[in-house]
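This report concerns only the one structure given below.
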Amino acid sequence: MAKFKLALGILASLLFALAPAAAVEAREAHDKSSAAKKQNTKKVKVVLRKASRTTAVPREKTVRRVVMVRGKRKVIYQKVTSVAVPMAAPMPTMGDLAGLNLTRDPLDLKSSVALVLDQNNAEVLFEKNSNVALPIASITKMMTGLVVVEARQDMEELLTITDDDVDRAKFSSSRLKVGSQLTRGNMLHIALMSSENRAASALGRNYPGGLLSFVDAMNSKARQLGMKNTHYVDSSGLSKMNVASARDLGKLALAALQHPLLRQYSTDPKAIVEASGQPMQFGNTNHLVANPGWEIGLQKTGFINEAGRCLMMQTVIEGRAVIMVFLDSKGKQSRTADAGRMRKWLEALKPAHMSLPGG
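Residue numbers (our numbering): 83 to 441.
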């Protein structure tokens, strides 16, 4: 009996001695399990930023999140991958494809084509690739305006925007809904000032014989003006097939300057016109017309991907009236910035004019 009691005491002592060790092992096992859960968290890929680089470089970081599980708050850890999204390379213009962007000039112009004429004697003061025919985008609308005013069409006649005026090639936007009615004068105003494509289309459609006859009249006028490198296929300029050289556009500007309506409509900083009896305000696509430091008598901007940024305008610098043409310019404000560079150059101009290769 004494031996049994002794054995029982020894067994009890061993159990008490082993209990803390088991508890420690249990805690260690729990801690390892928690660490494993953190390490095995689900990876979530999200796009956090943009980058201009051509390859995406993923970056990882652990994010602490609090979620509700069965009504209780629970802390979880997620690994988030940040991916730099490469931006698509810009579409090359027709000028780029022809290699015109490789032509350098002393003014570091962003336009592949440039021309400056003295309005009084048509003397070339500056030129760069000025004889190359390129898409001219909405500068086309200046010829549209010239054909309309010289046809002496009724400016008070109401014209209607139809489904035929909707751009289904480039899907350009317009504030003029199908069914909107404006006078021919208001259509011409916003076509020249705000480069309204549907208005320009409606002007062409409402010419005697329709749009095809109108385009024929545009090309006939170009031939009459000696614009040998010019061709039109529509009245808006949305097609890349509307092409002209800077030299040709200089001739167009000189002809358009003879019409006060074209001068006024193209240079108004803004205007309110009635569309189906409702007033609508439009602004000028060329911010220089509202700049008191510039004296601009005629202007037209243009842009489609194939043409780049384009600008044709007449202005007075140091008392000299000049025609400026910039085609295939890169960057939203680049064409007006080039006009500013040209203005500074003209202000310091010496008697001898400058001619560059490719002109």
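All residues carry an ideal CB built from backbone N, CA and C; glycine is no exception.
Non-local C-beta neighbours of residue 145 in its own chain, meaning closer than 8 angstroms and more than five positions away in sequence, comprise 159, 160, 161, 162, ordered along the chain. The C-beta distance from residue 195 to residue 328 rounds to 5 angstroms, short enough to fall under 8 angstroms. Residue 253 counts as exposed, since fewer than 16 other C-beta atoms from the protein chains shown sit within 10 angstroms of its C-beta. Linking residue 193 to residue 318 through their CA atoms gives a straight-line distance of about 22 angstroms. Taking the Cβ atoms as the reference, residue 233 lies roughly 7 angstroms from residue 289, within the contact range of under 8 angstroms. Residue nearest to residue 180 within the set 216, 220, 255 is 216 (criterion: CA-CA distance). Note that the segment 355-366 does not touch the segment 288-308; fewer than 3 beta-carbon pairs, one per stretch, sit closer than 8 angstroms. Every alpha helix (DSSP H) stretch that sits fully inside the segment 266-312 and reaches 4 residues is listed by chain position as 266-275, 279-287, 292-306. With a threshold of 16 other beta carbon atoms within 10 Å, residue 420 meets it and is buried. The segment 370-378 makes contact with the segment 348-362: 3 or more CB pairs, one atom from each, lie closer than 8 angstroms. For residue 361, the uninterrupted beta strand (DSSP E) run begins and ends at 360-365, by DSSP.
The C-beta of residue 271 has 16 or more other C-beta atoms within 10 Å across all chains shown, which makes the residue buried. Using a C-beta cut-off of 8 angstroms, the segment 408-420 makes no contact with the segment 235-249, since fewer than three inter-stretch Cβ pairs fall below that distance. Under the three-state reduction of DSSP, residue 159 is assigned to strand.
Residue 209 is bridged by DSSP to 197. By alpha-carbon distance to residue 322, the top candidate from 177, 389, 308, 266 is 389. Residue 219 and residue 332 do not touch by the CB rule: their CB atoms are close to 17 angstroms apart, not below 8 angstroms. Just so you know, the alpha carbons of residue 226 and residue 143 end up roughly 59 angstroms apart.
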